[in-house]
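Under the working numbering, read the sequence shown as residues 4 to 641, first letter to last.
Quick reminder that beta carbons are idealized off the backbone N, C-alpha and C, glycines included.
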Amino acid sequence: MTLYQRTYQQSVEHPETFWAEQAKRLPWYTPPATTLSYDDQQHACWFGDGELNICYAAIDYHVEQGRGGQPAIFWDSPVTQSKQTVTYHELRDRVAKFAGGLASLGVTKGDRVVIYMPMVPEALVAMYACARLGAVHSVVFGGFAPHELAIRIEDAEPKVIVAASCGVEVDKVLPYKPIIEQAIALSSFKPDACVVFQREALRAELLEGDYDWAELVASAPFADCVPVKATDPLYVLYTSGTTGKPKGVVRDTGGYAVALAYSMEAIYALEPGDVMFTASDVGWVVGHSYIVYAPLLRGCTTIVYEGKPVKTPDAGSFWRIIDEYKVKSFFTAPTAFRAIKKEDPDAKLLGNYDISSLEHLYVAGERLDPPTFHWLDDLLDVPVIDHWWQTETGWPIAANLPGVEAVPAKAGSATYPVPGFNVQILDRDGERAAPMQQGSVVIKQPLPPGCLTGIWRDPQRFHSAYMAAFPGYYLTGDGGYFDEDGYLFIMGRTDDVINVAGHRLSTGEMEEVVGGHSAVAECAVIGIHDDLKGQLPIGLVIPKDGFDGDEAKLEAELISLVRERIGPIACFKQVLVVNRLPKTRSGKILRKLLRNIADGKQFGIPSTIDDPTSLEDVHVAMCERSVGAAERAKPLDL
Numbered sequence: 004m005t006l007y008q009r010t011y012q013q014s015v016e017h018p019e020t021f022w023a024e025q026a027k028r029l030p031w032y033t034p035p036a037t038t039l040s041y042d043d044q045q046h047a048c049w050f051g052d053g054e055l056n057i058c059y060a061a062i063d064y065h066v067e068q069g070r071g072g073q074p075a076i077f078w079d080s081p082v083t084q085s086k087q088t089v090t091y092h093e094l095r096d097r098v099a100k101f102a103g104g105l106a107s108l109g110v111t112k113g114d115r116v117v118i119y120m121p122m123v124p125e126a127l128v129a130m131y132a133c134a135r136l137g138a139v140h141s142v143v144f145g146g147f148a149p150h151e152l153a154i155r156i157e158d159a160e161p162k163v164i165v166a167a168s169c170g171v172e173v174d175k176v177l178p179y180k181p182i183i184e185q186a187i188a189l190s191s192f193k194p195d196a197c198v199v200f201q202r203e204a205l206r207a208e209l210l211e212g213d214y215d216w217a218e219l220v221a222s223a224p225f226a227d228c229v230p231v232k233a234t235d236p237l238y239v240l241y242t243s244g245t246t247g248k249p250k251g252v253v254r255d256t257g258g259y260a261v262a263l264a265y266s267m268e269a270i271y272a273l274e275p276g277d278v279m280f281t282a283s284d285v286g287w288v289v290g291h292s293y294i295v296y297a298p299l300l301r302g303c304t305t306i307v308y309e310g311k312p313v314k315t316p317d318a319g320s321f322w323r324i325i326d327e328y329k330v331k332s333f334f335t336a337p338t339a340f341r342a343i344k345k346e347d348p349d350a351k352l353l354g355n356y357d358i359s360s361l362e363h364l365y366v367a368g369e370r371l372d373p374p375t376f377h378w379l380d381d382l383l384d385v386p387v388i389d390h391w392w393q394t395e396t397g398w399p400i401a402a403n404l405p406g407v408e409a410v411p412a413k414a415g416s417a418t419y420p421v422p423g424f425n426v427q428i429l430d431r432d433g434e435r436a437a438p439m440q441q442g443s444v445v446i447k448q449p450l451p452p453g454c455l456t457g458i459w460r461d462p463q464r465f466h467s468a469y470m471a472a473f474p475g476y477y478l479t480g481d482g483g484y485f486d487e488d489g490y491l492f493i494m495g496r497t498d499d500v501i502n503v504a505g506h507r508l509s510t511g512e513m514e515e516v517v518g519g520h521s522a523v524a525e526c527a528v529i530g531i532h533d534d535l536k537g538q539l540p541i542g543l544v545i546p547k548d549g550f551d552g553d554e555a556k557l558e559a560e561l562i563s564l565v566r567e568r569i570g571p572i573a574c575f576k577q578v579l580v581v582n583r584l585p586k587t588r589s590g591k592i593l594r595k596l597l598r599n600i601a602d603g604k605q606f607g608i609p610s611t612i613d614d615p616t617s618l619e620d621v622h623v624a625m626c627e628r629s630v631g632a633a634e635r636a637k638p639l640d641l
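Written out as C-alpha cells, the structure is:
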C-alpha cells in the first residue's frame, strides 16, 4: 500500500490509536487518557478527560518557546490603505488585556460573546480573548442585517457584543452600530454590554451600556488562560439560511485543535514560521479555521486581508499579497478566481509580481469547475488542490495531501478522503454505490475530531438534520461518486440533481460543459419545473470581458455543446446571459433561490447575499425570456 493508503486505513480502522497520536501535537494542561467516547445518541466525543486552552496553545505557548518576535498576523487593508504587523508577543499581550476587559464586564467561562467585526486584527484578538476566558464566541459576518443579527442574539444569548464602529468596502463605509442597536431592539434577549472598536473611517456614538475598546483595554488587567475540557464548546457558528431559524453549529475545543494541527501538516504542508494566506472572512468557517486558529496553532504567520480579489485596486491584488508577504500556502474560493479570470483572462497582471514563494494553491467553498482548474493549472507552476468540506465539519473532508503523499490531480475531483473521514457513497436504499455510480455522500461514524458536536440548544435538530437519514452515517447533503481510482467527485448538493423525464442528471456536469466555452467566465445550471418532463435545465452565464455581444449565437453554441457532450436526453435548450449571478459573501451561487424564482415561488433576499440587486437582475432577465413561471415570483418582505 502507499503511505496515504496505510495512513487512511489506520485512521478509519483504529481511530482511537490514530487520534491519540495526533493529540500529542498540542500542549495540554491535562493530556487525555480517554481518546474516544460516545454520548447518549452515540455521537463521537473526543479527548473527554483532557484539559487545554486553545489560546494558550496558539499564542502563549509559542512565546514561551522563543517565537515571540515572529509575526503572527500581517494585516493588509487596501480599502483603508493600511498595513500592520503583529508579533506573537504583541498578540499575546493584546489578547490578554482584552480578555481582562471582557472579564471586567462579567464575562466568565461558558458565557457567550457575539462578535460583529470586519477583517481587522481586533477580530482575532476578540475571538482569542473569549477562548482565553473559556467563553464561547459567535462571530456574525459584519454587515448582516439587523433581523438576522437579532435571531443570532436571541439564540446565543450573549453577555456582551463586541463590534467595530464600521466596515469599509470598495465604494462605501457601512456603519455597524445602528445595525446592532436595531438588532438588540428586535431581540427579546438583551446583552449586558457592547464593546466598540472605533475605526477612523467612521466613529460610532456610544450610548448607555456601550464601552470604547481602547478605554476598556487601558484600565484592564492581564487575564490568564482558563483551562477548559476538550469537549467544552469553543464557538457557535450559524449556518446561513434564507428564512427560518439558522442552525448554530457547535465546535468543541480539544477535537478541533487536534484536527486543525494535523491538517496544517498533512494537507497544507506548512512548518512553523511559514506564511499562510486565506482569502476569506472570520464570519465564515474558513476564516475561523484557516485565518484564526490553525495557522497560529502551527506557529505560522496568518494574513488578515481587508479587500477583494478584484477592484482593490485590480485583479492582481492576490498576486501582490503573495509576493509582498512571501506566502507559501494560499487558499480561497473558486469564485474569486472566476472574478479574476473575468477581468484579466490572460492573467497579464501576474507578470508584475514574483510569486515564487508559493508552493500550493487551495480552493474550497464550492466545487472547482474544470475550466477554472485548467486555467489555474496552466497559469501556475504549483499544485492546484481542490478540497471539499463544510461548516459542520470544520476542516477538509477530502483533499490532495502533500504533507502525507501528493498524487496527480484530476479536474473536478477533490482527490481522496482525508484520514479520519470514512467517506462512502450510498444509493437511495442505503447500499454502497459502485464506482462511477452517483449517490449520497456520507461519512461513517465516528466523525473525526473537529466536526460539529451539536446544534446550539437543539440536540434533536442535530440528529434529525444529519444522522437520521442513514443510521450510523453523517449525511453531508452532497451528491457524488468515486471513480475507479478512488478519486472522490462532489457534484453539488443532492437537490442539484434534476429529474428530466425520469432520468436523473447532474447540473454540475452541465456546468462543466457550459463553463468550458471560451466566452464564458462563470455559469450556473438549475432545474426548473416542467409539466411534461418534470424538470428541465436552464443555463445562466456571465460572459468574459471582450465578449462580442451576440447572445443568440452563444446560446446556440452552448446548447449544441451540452447536446454533444451529455446528449439530447439533457433537454438543455435555454441559456440566459446575465451580468451577475447572486452569491453569498463566501462565493456560493444561490441556486435554490434561482430555482424558486424560475418556478414562480416567493423568494426572500437572504442576509448572506453579496449583492441583492443581482437577484433582482436575474428575476427581470427570467421574466423577459419567459422562463418557467418567473413572472409569478414575488420577493418576500423579510
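Alpha carbon of tyrosine 477 to alpha carbon of leucine 263, nearest angstrom: 20 Å
Arginine 301, DSSP secondary structure in three states: coil
Please state whether DSSP places tryptophan 392 in a helix, a strand or coil. coil
Measuring CA to CA, which of Val98, Leu39, Asp79 and Phe50 is closest to alanine 61? Val98
Indicate whether aspartate 227 and tryptophan 49 have their beta-carbon atoms separated by less than 9 Å. no
Local conformation of tyrosine 91 per DSSP, three classes: helix
Going by C-alpha distance, which of Thr335, Pro348, Asp486 and Met470 is nearest glutamine 45? Met470
So alanine 217 packs on cysteine 197, CB below 8 Å; how close in whole Å? No, alanine 217 and cysteine 197 are not in contact; Cβ-Cβ is about 15 Å, not under 8 Å.
Compare the beta carbon distance of valine 581 and valine 544 with 9 Å and say whether it is the shorter of the two. yes
I'd like the span of the alpha helix (DSSP H) that includes glutamate 514, first residue to last. 510-518
Once you ignore the five residues that flank proline 348 on each side, which residues in its own chain have a CB closer than 6 Å to its CB? Lys547
Hey, would you say valine 285 sits closer than 9 Å to glycine 137, going by beta carbons? no
Hey, how far is the Cα of aspartate 534 from the Cα of valine 503? 11 Å
Would the segment 88-95 and the segment 66-78 be scored as touching if the rule is three or more Cβ pairs under 8 Å? yes
At least three beta-carbon pairs within less than 8 Å, the segment 140-155 to the segment 182-189: yes
Is threonine 315 near valine 123, with beta carbons less than 9 Å apart? no
So which of Val407, Ser266 and Thr20 has the shortest CA-CA distance to tyrosine 7? Val407
On the DSSP bridge list, what partners appear for valine 3? There is no way to answer for residue 3, as the model of the chain reaches only from 4 to 641.
Give me the residue from Trp322, Phe340, Gly319 and Arg301 with the minimum Cα distance to alanine 269. Arg301
Burial state of glycine 442 (16 or more Cβ within 10 Å): buried
Could you please give the first and the last residue of the uninterrupted beta strand (DSSP E) stretch that includes isoleucine 531? 523-533
My parser needs the alpha helix (DSSP H) runs of 4 or more residues fully inside the segment 303-370; what are they? 320-328 and 337-346
Pop quiz: valine 516 and arginine 568 are said to be a contact at Cβ under 8 Å. What is the actual Cβ separation, rounded to whole angstroms? 5 Å
Helix, strand or coil at phenylalanine 376 according to DSSP, with G and I counted as helix: helix
Please identify the residue among Ser563, Gly290 and Ser521 whose C-alpha is closest to the C-alpha of aspartate 551. Ser521
Give the straight-line distance between the Cα atoms of arginine 496 and serine 190, rounded to the nearest whole angstrom. 33 Å
Contacting residues, own chain, Cβ-Cβ under 7 Å from lysine 604 (five flanking each side not counted): Ala636
Taking the alpha carbon of glycine 319 as the point to measure from, which residue in Leu55, Pro298, Gly354 and Val295 has its own alpha carbon closest? Gly354
Cβ-Cβ distance between serine 610 and arginine 583 below 9 Å: no
Got a sec, what are the start and stop residues for the alpha helix (DSSP H) glutamine 25 sits in? 18-25
Please go through the same chain and pick out, in chain order, the residues whose beta-carbon is closer than 7 Å to the beta-carbon of arginine 341, but skip the five residues on each side of it. Thr375, Ala524 and Glu525
Please report the distance separating the alpha-carbon of aspartate 481 from that of alanine 106. 42 Å
Rounded Cβ spacing between valine 421 and valine 444 (contact assumed at less than 8 Å): Wrong, their Cβ atoms sit about 13 Å apart, outside the cutoff.
Beta-carbon proximity check, alanine 336 vs valine 366, cutoff 9 Å: yes
Pairwise C-alpha distance: phenylalanine 200 and threonine 20: 45 Å
What do you get for lysine 344, buried or exposed, if any count of 16 or more other CB atoms within 10 angstroms of its CB means buried? buried
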